[in-house]
Structures are given as structure tokens and as C-alpha cells.
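K.L.:
Protein chains: 10
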Amino acid sequence: MPQTNPFHSLVPRKLTDSELARSIRLNIEAELDAINLYAAHLDATDNEEAKAILRHVMDEEREHAALFWQLIARLDPAQAQHDRDASQKYRLITTGASHEEVEAVGEGGSVAEVDPELPKRLTVGSLRK
Amino acid sequence: MPQTNPFHSLVPRKLTDSELARSIRLNIEAELDAINLYAAHLDATDNEEAKAILRHVMDEEREHAALFWQLIARLDPAQAQHDRDASQKYRLITTGASHEEVEAVGEGGSVAEVDPELPKRLTVGSLRK
Amino acid sequence: MPQTNPFHSLVPRKLTDSELARSIRLNIEAELDAINLYAAHLDATDNEEAKAILRHVMDEEREHAALFWQLIARLDPAQAQHDRDASQKYRLITTGASHEEVEAVGEGGSVAEVDPELPKRLTVGSLRK
Amino acid sequence: MPQTNPFHSLVPRKLTDSELARSIRLNIEAELDAINLYAAHLDATDNEEAKAILRHVMDEEREHAALFWQLIARLDPAQAQHDRDASQKYRLITTGASHEEVEAVGEGGSVAEVDPELPKRLTVGSLRK
Amino acid sequence: MPQTNPFHSLVPRKLTDSELARSIRLNIEAELDAINLYAAHLDATDNEEAKAILRHVMDEEREHAALFWQLIARLDPAQAQHDRDASQKYRLITTGASHEEVEAVGEGGSVAEVDPELPKRLTVGSLRK
Amino acid sequence: MPQTNPFHSLVPRKLTDSELARSIRLNIEAELDAINLYAAHLDATDNEEAKAILRHVMDEEREHAALFWQLIARLDPAQAQHDRDASQKYRLITTGASHEEVEAVGEGGSVAEVDPELPKRLTVGSLRK
Amino acid sequence: MPQTNPFHSLVPRKLTDSELARSIRLNIEAELDAINLYAAHLDATDNEEAKAILRHVMDEEREHAALFWQLIARLDPAQAQHDRDASQKYRLITTGASHEEVEAVGEGGSVAEVDPELPKRLTVGSLRK
Amino acid sequence: MPQTNPFHSLVPRKLTDSELARSIRLNIEAELDAINLYAAHLDATDNEEAKAILRHVMDEEREHAALFWQLIARLDPAQAQHDRDASQKYRLITTGASHEEVEAVGEGGSVAEVDPELPKRLTVGSLRK
Amino acid sequence: MPQTNPFHSLVPRKLTDSELARSIRLNIEAELDAINLYAAHLDATDNEEAKAILRHVMDEEREHAALFWQLIARLDPAQAQHDRDASQKYRLITTGASHEEVEAVGEGGSVAEVDPELPKRLTVGSLRK
Amino acid sequence: MPQTNPFHSLVPRKLTDSELARSIRLNIEAELDAINLYAAHLDATDNEEAKAILRHVMDEEREHAALFWQLIARLDPAQAQHDRDASQKYRLITTGASHEEVEAVGEGGSVAEVDPELPKRLTVGSLRK
């Protein structure tokens with residue numbers, strides 16, 4: 001029995017900073033869900049016009065996901081730090097490093113020293129200059 | 001997250017033409033839902049960076065909705081015909097025309113005379129010349 | 001365990017303009033979902049009476065989707081602009097144009113020249129003359 | 001949009017007669033849900049253009065619900081019999097008749113005498129002559 | 001992750017007339033969903049005791065659907081009018097009549113002449129005399 | 001109506017005995033949900049006709065719940081035993097008896113001795129003699 | 001896109017008597033859903049330890065369902081009356097009795113004579129002497 | 001009750017060991033959801049009989065959660081190890097220990113030395129001797 | 001028709017102690033759902049990099065589940081008591097002990113003697129000496 | 001818990017590469033949903049032990065989101081490219097650059113020159129020198 005909520009997007013009040021961050025995380029989820037939706041349809045059809053449109057739109061959803069990810073890094077600096085550490089941790093985990101080695105990444109503020117060029121992608125601070 | 005389905009986007013088989021049209025309609029629904037989501041967040045925050053990103057992304061979702069709408073017009077010519085008749089019907093309905101007057105729009109092939117080649121919607125751009 | 005919400009459509013308050021636009025987008029989603037529902041049933045039965053009724057009703061849902069789309073163009077002029085650009089972009093995308101070519105459509109106000117009075121979409125019929 | 005299913009309307013196989021009846025009942029549910037959706041929006045806005053369109057569309061959904069109800073009466077004759085008995089039962093229930101009196105309606109074949117040819121509901125119009 | 005709402009049926013306030021009509025439409029949906037549920041189980045079992053109980057209960061759900069339908073006709077006279085026109089439209093649609101012929105049904109007030117007092121549906125029984 | 005599944009009630013195969021019992025439990029859930037739905041509407045309206053119909057229908061849903069409960073007792077004898085023990089356990093729990101006293105009810109077959117006429121309600125087999 | 005509601009079980013206010021009854025009906029639904037869940041898992045595994053635990057837990061859920069059913073009989077005497085009539089109706093329905101015979105059960109106030117004190121259900125055993 | 005699935009608990013095939021573990025985790029979720037449901041109702045009523053029953057049932061759901069947790073420890077030894085380490089980690093986290101100190105718990109098999117009797121709770125195998 | 005709630009995680013007010021406990025139970029459910037999600041993906045792929053990341057993340061979710069379980073034991077001492085009794089009950093149930101033997105575990109207050117200081121769970125290891 | 005599906009995480013078959021990417025996107029959604037869940041609970045309680053545990057767990061979920069994001073960059077190089085362009089686009093959008101300026105980022109293949117070997121994302125740090 002369908003029960004469409006006629007009023008699902010009414011604004012109750014202005015968001016706090018923390019609630020805004022949660023809203024943007026939700027938006028990333030929405031973009032990823034859309035990418036999955038279009039990717040699945042691409043896999044399931046041979047219609048060339050449809051595939052061209054799906055590819056175009058899906059690629060812009062990827063851009064959106066990346067932009068919202070940047071915004072989260074601004075709103076949630078702890079996430080930005082994890083983003084900076086992630087490629088090193090990823091390499092360690094996928095090459096069989098021990099749990100301690102993985103956990104040691106980014107501890108003690110030494111990240112910049114250990115891995116100087118890594119934070120570049122998110123040198124959000126300099127952007128603010 | 002009631003019981004996340006780990007395998008919700010597996011492709012069961014290639015789509016028929018009719019199933020492809022249904023998939024694209026679903027995609028329009030997803031784009032409209034995203035527009036509503038971002039519009040609601042825009043209404044609920046004063047954070048200027050967030051608003052700039054939300055506006056940029058939301059505008060591209062509008063483009064996506066319009067592109068998928070074009071694709072549906074290709075896949076479902078009956079929808080394209082209704083699109084052609086809609087602005088006239090809209091004007092009649094909102095100015096208090098009778099039910100008969102509204103229903104008469106597009107009947108009798110008169111649209112075909114004005115707009116002979118099919119699918120017309122695809123040449124809407126040329127109309128603007 | 002079924003949990004029907006007995007009060008899912010109570011009106012909390014009058015809608016703002018932006019909330020009204022979101023409500024109409026939701027209605028388009030509802031119409032598209034209905035079209036998909038009936039189209040799927042049409043594919044799945046050979047009962048001629050049922051097919052006749054399904055076709056009749058489905059066609060009117062297409063009309064509804066087109067009418068709500070017109071209404072959105074009135075409530076959200078940015079969507080109307082994307083609708084105007086969409087057929088040209090569609091053609092470019094499906095014929096392999098570069099990303100820049102696609103993005104260039106509608107930039108520079110050229111559409112405004114061709115189609116000066118606003119809301120243009122409402123006079124789309126006249127464009128066909 | 002918890003995990004949009006990309007393939008929610010694929011046709012698994014042709015429907016049996018009983019499954020077709022269940023599908024049409026689902027369609028009535030969808031029409032009633034749409035009526036509720038539009039009625040709620042009508043209550044929540046003063047925008048006259050929006051109200052005109054909502055009224056037009058909502059009225060056609062009422063027609064659709066009535067048409068699908070006719071179709072169910074064809075597919076499920078037991079439902080048609082209950083439809084014939086309903087107005088009398090309704091009057092008895094709302095005027096305080098006993099449970100036995102209500103249950104007695106339609107028993108004993110008396111309806112068949114009054115309304116011999118089947119399916120009767122389909123000739124309801126002629127009754128109005 | 002199951003999230004049962006412990007308080008899904010709390011009454012927020014008395015319903016308006018329009019909200020009551022929406023509630024009754026929801027109830028019809030619930031009855032149709034139940035009929036579909038029991039009909040599906042009937043199709044799927046050979047246990048004779050279970051079938052007897054399912055048939056008994058399902059038949060009373062049909063009665064409930066018919067009674068709520070009567071109530072909607074009282075609360076929403078526009079629906080009652082569509083109910084009166086539906087059998088004629090159904091016949092036209094399923095015998096290949098044109099769109100104009102179908103739309104002409106019920107126009108011109110002819111039904112009002114045949115059936116002057118309102119709400120007509122309540123005297124449907126007397127029509128059968 | 002998040003993505004109406006057009007084919008939600010197709011019968012995949014005949015049910016096993018255990019699956020039939022699960023289906024009937026689901027049906028009890030559906031009946032209880034309906035009772036809650038109608039009871040909530042009764043609390044929320046003063047419309048006397050609506051209340052009369054809601055009371056009539058709700059009472060028959062209670063009957064249905066009771067009938068399906070009987071059927072479960074037939075299909076699941078362990079449930080029937082718990083039904084026989086429940087009134088005694090209920091009395092003990094609500095009068096502050098210890099956990100051991102509650103758990104002792106029905107153990108060792110002593111129930112029949114302590115409470116010989118209690119199982120009557122469910123001596124369904126004898127009823128058939 | 002998962003959307004877990006972080007606050008799904010906050011208490012809005014004390015329940016009315018009718019709302020308490022609805023809450024307990026919901027709890028019965030939850031117990032029946034759990035029984036179905038565990039029963040399905042029992043059918044699907046041969047792991048003996050798992051089966052022993054599942055059987056133990058499932059049996060206590062049956063007890064819970066029976067206890068909540070007793071509580072509903074206290075809170076909703078009309079349900080208790082239907083429970084008393086159900087075994088007789090069940091027998092009639094499953095042995096082919098007419099609709100009138102089934103409906104006649106419990107009519108005429110005879111139960112009230114046999115079972116004067118309220119709530120009867122709590123002394124259901126003695127009633128059966 | 002959006003479109004009750006009549007066949008939601010059919011057994012598709014025997015579970016693998018890993019699937020059985022996933023099923024038991026789902027069962028823990030169901031038990032925790034039930035505890036939350038009953039706890040919320042306890043907070044929301046002053047009816048003493050209802051509170052006594054709710055307390056009794058809720059306490060047994062706690063027992064079920066604990067039993068299923070034991071079963072998971074058997075099926076998923078890595079979870080059992082984390083259970084053994086959890087009280088020490090909990091103490092460290094809540095007393096402000098560094099991330100390294102927390103992560104060091106349980107590494108290198110030193111846990112047994114530091115906290116020899118801790119694993120007792122889950123030396124389920126020895127219990128069986 | 002997707003209906004994403006844009007504001008699903010707004011904080012309505014500070015939680016009571018009982019509501020906090022319910023929130024933490026919900027969090028355990030979320031962790032178990034995530035473990036199931038990742039475990040299912042592990043079963044379904046041979047991509048070694050993906051498997052390494054999935055194993056790493058899944059193992060930390062197990063730690064989270066264990067930590068939240070500790071927190072529940074602090075917030076809900078009755079759950080802690082059931083945790084202490086569970087391994088003994090598990091052994092009894094899986095070795096065929098009678099219902100009375102199982103229920104006798106933990107009765108008689110002997111745990112309180114062994115384990116006087118609170119919160120016991122945090123010193124659970126020492127209790128076992 | 002609308003009808004708990006007992007078998008929601010059964011593995012139907014090995015995933016294709018594209019399906020694996022979709023699964024990992026779903027996992028990011030799950031991690032973001034968990035972060036939102038815990039962040040909301042942190043906002044809603046003053047219990048210091050609970051806050052310490054929530055902070056610890058939430059921070060590891062951020063790490064998981066970052067790790068899965070790395071994995072997506074490996075599985076979907078087009079996403080990696082958008083990640084590389086995102087900080088520049090973010091700066092342009094939030095400082096009022098024109099649509100063309102934003103779209104020009106990353107066009108012209110210059111990225112490919114700077115970053116020839118694939119997958120680039122894994123050496124993202126060096127790219128920025």
C-alpha cells in the first residue's frame with residue numbers, strides 16, 4: 001500500500017554546522033547511489049543513444065561526489081586528515097603490512113614530515129589565504 | 001538502513017526497449033529527488049561555501065533531468081506528443097477553459113500539421129532559429 | 001511487521017514557493033512511477049480488456065507528467081532554461097561532441113536573443129508556428 | 001531513496017488471471033495514493049496556477065480509480081457482488097442496524113433476482129435509465 | 001538494521017474533512033493489499049483448512065473495500081460522479097471508442113438529469129428497483 | 001511509494017508447511033496493523049458515518065485476527081501450548097510472582113492437572129468430532 | 001542511500017489507553033516477525049548448535065506473543081470476545097458451514113450470560129466448564 | 001505496509017557458514033530492536049499490568065541478545081577476540097588513553113599475559129568439557 | 001519514486017538515559033549490518049586489493065560492535081547480567097539441558113555475591129577467578 | 001522492521017568489476033550514514049563515557065570512508081580524475097568563477113601529461129609537486 005509523504009522536504013529550521021555536515025554526507029550518498037543506478041543501466045543496455053546520455057550524466061555525478069567530498073573536508077577537518085592519510089594506509093593494507101604499521105600512519109602530527117607532498121590534494125588551508 | 005541489501009545493483013539481463021524506457025523514467029525520478037534534496041538544504045543553511053556548491057550541483061541535476069526527458073521523448077513517442085501539447089493545455093487549464101477544450105488539444109492531427117516531422121521534440125532547437 | 005502510518009498526508013502548514021516546487025517535482029516522480037507500473041503490467045498480460053484500460057490510463061499519466069513539467073518550468077525558470085537547451089545538448093552528446101561543445105550550449109545569452117520574453121516555455125507553442 | 005533498485009520493473013513472466021487481478025488492485029492503490037498526494041498539496045498552497053493543474057490532474061486520477069474498479073469487478077465477480085450490496089449495507093450500518101441485518105444483505109440470492117444478468121456491474125449505467 | 005517506530009499510530013489532532021477522505025482512501029489501499037496478500041497465499045497452498053479460512057477472511061475484506069468505497073463517495077462527490085460514469089467509459093474504452101467519445105461521457109449534465117438528488121450514490125440501491 | 005514493485009505478489013511456488021505457518025503469522029500482523037489503522041482514525045474524527053463504518057470494519061478485523069490465531073494454533077502446536085499457559089503466566093507476572101514461578105507453568109505436563117479445563121479453547125481436534 | 005533515523009524511539013508523550021492497545025498490537029507483530037525470522041533460519045541450516053539456540057529463543061518468542069495476546073484481551077474486550085468465539089467459528093468455516101451459521105456464533109448475548117464478570121478472558125478456563 | 005510481500009520468508013537454499021553468521025547477526029539486530037521497542041513503550045505508559053508484561057518480555061529479549069552474541073562468538077572467532085579485548089579498550093578510551101594505547105590492546109598475543117583470565121567468558125569450548 | 005528525507009538526522013533534544021541506551025543499541029545494529037555487508041562482498045569477489053581493504057574495515061567494525069556492547073552493559077546493568085550468564089546457558093542449551101536447568105542459571109542472587117562492585121562488567125575477567 | 005527478510009545477504013554469484021565498484025560505493029554510503037548516526041548521537045547526549053566511545057568509533061568510520069574512497073579511485077579511474085580536479089573546481093565555484101572557468105578545469109589532457117602512469121590516484125602526492 002503506497003504511502004507517499006506529500007511533505008517530505010519541508011525545512012524545519014536552519015541547520016547547525018554539525019547538521020550541515022551531515023546533510024552534505026547524505027548528498028554524497030545520493031550522488032553515489034545515482035552513479036550506481038546509471039552504471040547498472042549502462043551495463044544492461046546496448047542502446048547507443050541511451051548509453052551516451054548515461055555516460056555524460058554519470059560523469060557529472062562523479063564530479064558532484066568529488067565536490068561534496070571537498071566540502072566535507074572543509075566542514076569536518078578530521079575527515080580531511082583521514083583523506084590525507086588514506087593513500088598511504090591503503091598501500092600498507094593492500095601490501096600486507098601489520099595492523100600497527102597501518103595505525104601508525106598520521107599519528108603524532110608527523111604526517112607532514114613523513115609524507116610531505118601527500119596533503120596537497122587537501123591543502124585547504126592555503127586555499128583560504 | 002533497514003537491512004542493507006549488499007547486491008542491490010546486480011544486472012540480471014539486458015533490458016528490453018520498454019524496460020529501458022522505464023529505467024530512464026526512474027532516472028528522472030532520481031534527478032528530481034536530488035534537486036529537491038539540494039534545494040531543501042539550500043533553504044536551510046546560510047553557509048556561503050556550501051550554498052555555492054549546492055547551487056552548482058543542483059543546476060547540473062536540472063540539466064540531467066532535461067536530458068533524460070529528451071531521451072524519454074525518443075524512447076516513448078507518445079510522451080513526446082504530450083510534451084508538445086502540454087503548454088497549450090497548461091494555458092487552457094490555468095485560464096479556466098472547459099474540460100472539452102483541454103481534451104481537444106492535439107486531437108485531429110492538427111499538431112502534426114504544424115510540426116510534421118517526427119520525433120518533433122528532437123528538433124525543438126531548430127524551432128528557435 | 002507492517003507499520004502503516006495512519007496520518008501520512010496531514011498538512012503541516014502552507015508551503016513556501018520553493019517547497020511548492022519540490023512538491024510538484026515529487027508529483028512528476030509519482031506520475032513516472034505510475035507510467036512504469038502500468039507499462040510493466042501491459043508487458044505482462046494478454047488480457048485485452050485489461051490492456052485497453054491500462055493503455056488509456058497510462059496515456060493520461062503521460063499527459064499529467066507533461067503538465068506538471070510545464071508547471072515546474074513556471075515555478076523554476078532555471079529548469080525552463082535547461083529544457084530549452086536540452087535538445088541541442090542531447091544531439092551533441094549522442095553524436096560524440098566534446099564536453100566543451102556540450103557545455104557551451106546556452107552560454108552567452110544567445111537563447112535569450114532568440115527567445116526574449118519570459119517565461120519562454122509558456123510560449124513554446126508559438127515557437128512552432 | 002534507500003538503495004535505488006535499478007531494475008524494479010522488469011517483467012518476470014506473463015501473469016496468471018489471479019495475478020492480473022492483484023496487479024489491478026495495486027494500481028487502484030497507486031491511484032488513491034496519487035489522489036491523496038495531490039489533495040494534500042491542494043490544501044497546502046494558495047498558488048492559483050498550481051491549484052488549477054492539481055485539480056485537473058486529481059480529477060483524472062479519480063476517473064482512473066473508477067475505471068480500475070470496473071476492471072476488478074470484471075476480473076473478480078465476488079468483488080462485484082459486494083459492490084452491489086455495499087450501498088444497502090452502508091445505509092444499515094450508519095443507521096444503527098444490527099449485525100445480523102447487515103450480514104443478511106445479499107444472502108439468499110435476492111440480488112440476483114433484481115439484477116439477473118451477469119456481470120451486473122457492467123450494466124449499472126443502464127440501471128440509471 | 002530494523003528500526004521499528006514505537007509510536008507510529010499516535011493521533012496528532014482531529015482530521016479535517018479533506019484529511020478524513022485521505023484516511024479512508026488509505027484504508028481502501030490497506031484492504032486491497034490484504035486481499036492481494038490472502039489471494040497470493042491461496043494460490044500457494046493446498047492446505048484445505050488454511051484455504052477455507054483464507055477464503056472466508058478475504059471475502060470480508062472485499063466487503064470492507066466496497067464499504068469504504070461507499071464512504072469515499074459520500075466524502076468526495078466528484079469521485080461518486082466518476083463511479084457513475086465508469087461503466088459506460090469502461091465499455092467504450094474496451095470496445096475501441098475514440099478518446100473524444102470516452103471523454104464525452106458524463107459531460108453536459110445528463111447524469112444530473114437522470115439522477116438529480118445528491119449524493120446520488122447513496123440511492124444507487126433504489127436505482128436497481 | 002518508493003519504486004512501486006509491479007510484481008510484488010507473484011507466487012514463486014507452493015509453500016512448505018513451515019512456510020505456510022509463516023504466511024499466516026504475516027497475515028495476523030496485517031490484521032493487527034489494520035486494526036491499529038482504523039482505531040487511530042476513529043480517535044481522530046467526529047464524523048459519525050465514518051465512525052460507524054470504521055467500527056464495523058474494525059470489529060471484523062478483530063474476528064480475522066482471532067481466526068488466523070486459531071489457524072496458527074493448528075499449524076504450530078507449540079504456539080497452542082503457549083496459548084494455553086498464557087493466562088496463568090499473565091496472572092503470575094502481573095501479580096509479582098518470581099521468574100521461577102512463571103517459568104514453572106506448563107512444565108512437565110502438569111498443566112493439564114493444575115488447569116484441566118484450560119486447554120479447551122484449543123482442543124480444536126475434539127471440536128471436529 | 002542508507003538513511004538511519006538516529007532518533008526513532010524517542011518518547012513523544014504518555015500514551016492514551018487506545019494508543020497503548022495499538023502499541024501492544026505492534027509488539028505482537030514484532031514477536032510474530034521474529035518467530036518467522038528464526039523459523040526461516042532453522043529451515044535453512046544444519047548447524048546443530050545454531051539450531052538449538054534458535055529453537056530455544058523462538059519458543060520464548062511464542063510465549064511472548066501469547067502473553068501480549070492476553071494483554072490485548074485485557075485492553076480490548078471486544079477482541080477477547082472474538083477470541084472466545086473463534087474456535088467455534090473456525091470449526092464451522094473449515095467444515096463448510098454457511099455464512100449465516102458462522103455469523104450467528106456469539107450473537108444473542110449468550111456469552112455474557114455464561115461469562116458475566118469482566119475481563120472474562122482472564123478466567124477463560126472456568127468459562128469453559 | 002508498502003506492498004506487503006506475501007512470500008518474504010521463503011527459504012531459497014541452505015546457508016553457507018558465512019551466511020549463517022550473517023543471519024545470526026541479523027537476529028541480534030532484531031532482538032535489540034525489540035528491546036528498544038518495549039523500552040520505549042515502558043517509558044510511555046503508567047498502566048501497571050502492561051508495564052509488568054513489558055518488563056518480563058524485554059528481559060527475555062536481553063537474554064536472547066546475549067545468547068545470539070555467544071553464538072556469533074562461536075561462528076566468528078575474530079569477533080570473540082574483539083569481545084575479549086573490549087573491556088580493556090573501553091576503559092582506555094573512556095579514561096583518555098592515546099589512540100596507540102588503545103590499538104595496542106590484543107596485539108601480539110600479549111593480551112593473554114596482561115589479562116589472563118579475561119578470555120574465560122568466551123572459552124566456550126572448555127565449558128563443554 | 002525516491003523520497004530522500006533531507007533532514008533525517010536533526011537533533012530534536014537531549015536524550016534521556018533510557019533513550020541514550022536505545023541509541024547505542026541502534027548503533028550496534030548499524031555495526032552488525034555493516035559487518036554483514038562487507039562479509040557478503042568478501043564472499044562475492046576475488047579482487048585481492050578489495051578483499052584486503054574489506055577485511056581491514058570489517059575487523060574494525062567488529063571492534064566497534066564489541067565496544068558498543070560494553071557501553072550497553074554500562075547503561076543497562078540487566079543486560080550485563082544476562083551477558084555474564086549467557087555462556088553457561090549457551091552450553092546448557094546446546095547440550096540438551098532441560099528448560100528448568102537453563103532458567104536456573106543466574107537465579108538466587110549468587111552473582112551479586114561473587115561480583116559486588118559495580119559496574120561489574122568492566123571487571124568481568126577478575127570475576128571469573 | 002517492515003517484514004524482516006531472513007535472507008538479505010545471500011551471495012548470488014561473483015561480482016563483475018563494475019558490480020564490485022558499485023558495491024564499494026554502497027559501502028561508502030554505509031560509512032557516511034554511520035558517521036551521521038554517531039555525530040547526531042554525540043550532539044544529543046552529555047554522557048561523557050558515551051561521548052568518548054562515540055568519538056573513537058566515529059573517527060574510525062571516517063578512516064573507513066577514506067579507505068573505500070581510495071579503493072573506488074582504483075576501480076574507477078574516471079572518479080580519480082574528478083578527485084584530482086575537485087579542489088581547483090571547488091575554489092573556483094566558491095569564489096564566483098563562471099561556469100566556463102569551472103568546466104575548463106582538467107580539460108585539455110594536461111593531467112595526463114603530468115600524471116602518465118595509471119592509476120594516478122595512488123601517487124597523488126607526487127603529482128602535486
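Chains as they are written, first to last, in this note's numbering: chain A, 1 to 129; chain B, 1 to 129; chain C, 1 to 129; chain D, 1 to 129; chain E, 1 to 129; chain F, 1 to 129; chain G, 1 to 129; chain H, 1 to 129; chain I, 1 to 129; chain J, 1 to 129. Cβ atoms here follow ideal geometry from the backbone N, Cα and C, with glycine treated the same way.
(1) Between which residues of its own chain and Leu42/A is the CB-CB distance below 8 Å, once the five residues before and five after are set aside?
(2) Determine, using beta-carbon pairs with one atom in the stretch 15-31 of chain H and one in the stretch 24-33 of chain I, whether at least three such pairs fall under 8 Å.
(3) For the alpha helix (DSSP H) holding Glu48/F, just list the boundary residues, first then last.
(4) Between the stretch 60-74 of chain F and the stretch 70-89 of chain G, can you find at least three pairs of beta-carbon atoms closer than 8 Å?
(5) Near Ser126/C, what residues of its chain come up, given a Cβ to Cβ distance below 7 Å and the 5 sequence neighbours on each side ignored?
(6) Tell whether a beta-carbon distance below 8 Å holds between Ala44/C and Arg22/B.
(7) If the criterion is Cβ atoms closer than 8 Å, does the pair Ala86/H and Trp69/I meet it?
(8) Once the 5 residues before and after Asn5/I are set aside, which same chain residues still bring their CB inside 7 Å of it?
(9) Are the CB atoms of Asn36/B and Ser9/A within a distance shorter than 8 Å?
(10) Measuring CA to CA, which of Ile93/G, Tyr38/G and Glu49/G is closest to Val11/H?
(11) Excluding the 5 residues flanking Asp138/C on each side, which residues of the same chain have their C-beta closer than 8 Å to its C-beta?
(12) Could you list which residues in chain D have their beta carbon closer than 7 Å to that of His41/A, in chain order?
(13) Taking only the alpha-carbon atoms, compute the straight-line gap between Leu71/F and Phe7/I and give it to the nearest angstrom.
(14) Can you tell me the Cα-Cα spacing of Ala78/B and Leu20/B, whole angstroms?
(15) Under 8 Å, do Glu107/E and Glu100/B count as touching if we go by C-beta distance?
(16) Cβ of Ile35/C less than 8 Å from any chain E Cβ?
(17) In angstroms, rounded to a whole number, what distance separates the CA positions of Thr95/E and Val102/E?
(18) Figure out for me which residue from Glu49/D, Arg91/D and Gln88/D has the closest Cα to the Cα of Leu92/B.
(19) Please return the same chain residues whose Cβ sits closer than 7 Å to the Cβ of Gln88/E, not counting the five positions on each side in sequence.
(20) For Ala61/I, which residues in the same chain have their Cβ closer than 6 Å to its Cβ, ignoring the five residues on either side in sequence?
(21) Please compile the residues from chain D whose C-beta is within a distance smaller than 8 Å of the C-beta of Glu107/G.
(22) Compare the Cα-Cα distances from Lys14/I to each of Leu15/J, Asn47/J and Gln3/J and report the closest residue.
(23) Express the C-alpha separation of Pro2/E and Pro2/C in angstroms, rounding to a whole number.
(24) Taking CB distances under 8 Å as the criterion, tell me whether Glu60/B reaches chain I.
(25) Going by DSSP, what residue range makes up the alpha helix (DSSP H) through Ala30/H?
(26) What number of angstroms, rounded off, separates the C-alpha of Ala73/I from the C-alpha of Tyr90/H?
(27) Applying a beta-carbon distance threshold of less than 7 Å, which residues of chain D neighbour Glu31/B?
(28) Determine the extent of the alpha helix (DSSP H) in which Val102/I is found, giving its start and end residues.
(29) Could you give the DSSP three-state label for Lys14/J: helix, strand or coil?
(30) Could you check what DSSP says for Ser9/B in three-state terms: helix, strand or coil?
(31) Kindly indicate if chain H contains any beta-carbon less than 8 Å away from that of His56/J.
(32) Using the beta-carbon of each residue, which ones in chain D are nearer than 9 Å to Tyr38/C?
(33) Is the Cβ of Leu75/A closer than 8 Å to any Cβ of chain C?
P.N.:
Let me lay it out:
(1) In the first sequence, the residue the question calls residue 42/A occupies position 42. Taking Leu42/A as the centre and dropping the five residues before and after it, the same chain places the C-beta of Lys51, Leu54, Arg55 and Met58 closer than 8 Å to its C-beta, in chain order.
(2) Output reads yes: the stretch 24-33 of chain I touches the stretch 15-31 of chain H.
(3) Numbered from 1 along the sixth sequence, position 48 holds the residue referred to as residue 48/F. Residues Glu48 to Leu75.
(4) Yes, the stretch 70-89 of chain G is in contact with the stretch 60-74 of chain F.
(5) Along the third sequence, read from residue 1 onward, the residue named residue 126/C stands at position 126. Residue confidence is low: Ser126/C scores 34 on pLDDT, short of 50, so the model does not pin down where it sits. No coordinate-derived value is stated.
(6) Working through the third sequence from its first residue, we reach residue 44/C at position 44. Working through the second sequence from its first residue, we reach residue 22/B at position 22. No, these two residues do not count as a Cβ contact at 8 Å.
(7) Residue 86/H sits at position 86 when you count from the first residue of the eighth sequence. Residue 69/I sits at position 69 when you count from the first residue of the ninth sequence. The beta carbons of Ala86/H and Trp69/I sit closer together than 8 Å.
(8) Walking along the ninth sequence from the start, residue 5/I turns up at place 5. So the list is empty, once near-sequence residues are dropped.
(9) Taking the first sequence and counting its residues from 1, the one referred to as residue 9/A is at position 9. Taking the second sequence and counting its residues from 1, the one referred to as residue 36/B is at position 36. Closer than 8 Å, so yes.
(10) Looking up residue 11/H in the eighth sequence gives position 11. When the alpha-carbon of Val11/H is set against those of Ile93/G, Tyr38/G and Glu49/G, the nearest one is in Tyr38/G.
(11) Because chain C in this structure spans residues 1 to 129, residue 138/C falls outside the shown range and cannot be described.
(12) Position 41 of the first sequence, counting from 1, holds the residue named residue 41/A. Per Cβ cutoff of 7 Å: Pro6.
(13) To locate residue 71/F, count along the sixth sequence from 1; it is residue 71. To locate residue 7/I, count along the ninth sequence from 1; it is residue 7. Cα to Cα, Leu71/F sits roughly 44 Å from Phe7/I.
(14) The sequence position of residue 78/B within the second sequence is 78, counting from 1. The sequence position of residue 20/B within the second sequence is 20, counting from 1. For Ala78/B and Leu20/B, the distance between alpha carbons rounds to 15 Å.
(15) What you label residue 107/E is simply residue 107 of the fifth sequence in a count that begins at 1. What you label residue 100/B is simply residue 100 of the second sequence in a count that begins at 1. Yes, the pair counts as a contact, with Cβ atoms nearer than the cut-off.
(16) For the purposes of this step, residue 35/C is taken as the residue at position 35 of the third sequence. Cβ-Cβ to chain E under 8 Å: no for Ile35/C.
(17) Within the fifth sequence, residue 95/E is the residue found at index 95, counting from 1. Within the fifth sequence, residue 102/E is the residue found at index 102, counting from 1. In a straight line, the C-alpha of Thr95/E is about 11 Å away from that of Val102/E.
(18) Taking the second sequence and counting its residues from 1, the one referred to as residue 92/B is at position 92. Closest by alpha carbon: Glu49/D.
(19) Here residue 88/E corresponds to residue number 88 of the fifth sequence, with the count starting at 1. Correct list, in chain order: Val105.
(20) In the ninth sequence, residue 61/I corresponds to position 61, counting from 1. According to the sequence as given, residue 61/I is Glu; it is not Ala. Taking C-beta separations shorter than 6 Å and ignoring five residues to either side along the sequence, the partners of Glu61/I in its chain run Glu31, Ala34 and Ile35, following chain order.
(21) By one-based count along the seventh sequence, residue 107/G stands at place 107. Here the neighbours are His99 and Glu100.
(22) Taking the ninth sequence and counting its residues from 1, one reaches residue 14/I at position 14. When only C-alpha atoms are compared, the closest one is Asn47/J.
(23) Residue 2/C sits at position 2 when you count from the first residue of the third sequence. Residue 2/E sits at position 2 when you count from the first residue of the fifth sequence. Cα to Cα, Pro2/C sits roughly 12 Å from Pro2/E.
(24) Sequence index remark: in the second sequence, residue 60/B carries index 60 (1-based). So no, Glu60/B is outside the interface.
(25) Here residue 30/H is taken as the residue at index 30 of the eighth sequence, counted from 1. Ala30/H -> alpha helix (DSSP H) spans Asp17 to Asp43.
(26) On the ninth sequence, position 73 is the one that residue 73/I refers to. On the eighth sequence, position 90 is the one that residue 90/H refers to. In a straight line, the C-alpha of Ala73/I is about 11 Å away from that of Tyr90/H.
(27) Taking the first residue of the second sequence as position 1, residue 31/B is located at position 31. The contacting residues do not exist; Glu31/B stays about 11 Å from chain D at best.
(28) One-based indexing of the ninth sequence puts residue 102/I at position 102. Where Val102/I is concerned, the enclosing alpha helix (DSSP H) starts and stops at His99 to Ala104.
(29) Taking the first residue of the tenth sequence as 1, we reach residue 14/J at position 14. Here Lys14/J sits in coil by DSSP.
(30) By 1-based counting over the second sequence, the position of residue 9/B is 9. Three-state result, Ser9/B: coil.
(31) As a position in the tenth sequence, residue 56/J is number 56, starting the count at 1. Cβ-Cβ to chain H under 8 Å: yes for His56/J.
(32) Here residue 38/C corresponds to residue number 38 of the third sequence, with the count starting at 1. Per Cβ cutoff of 9 Å: Asn27 and Ala30.
(33) Residue 75/A sits at position 75 when you count from the first residue of the first sequence. It does not; no Cβ of chain C falls within 8 Å.
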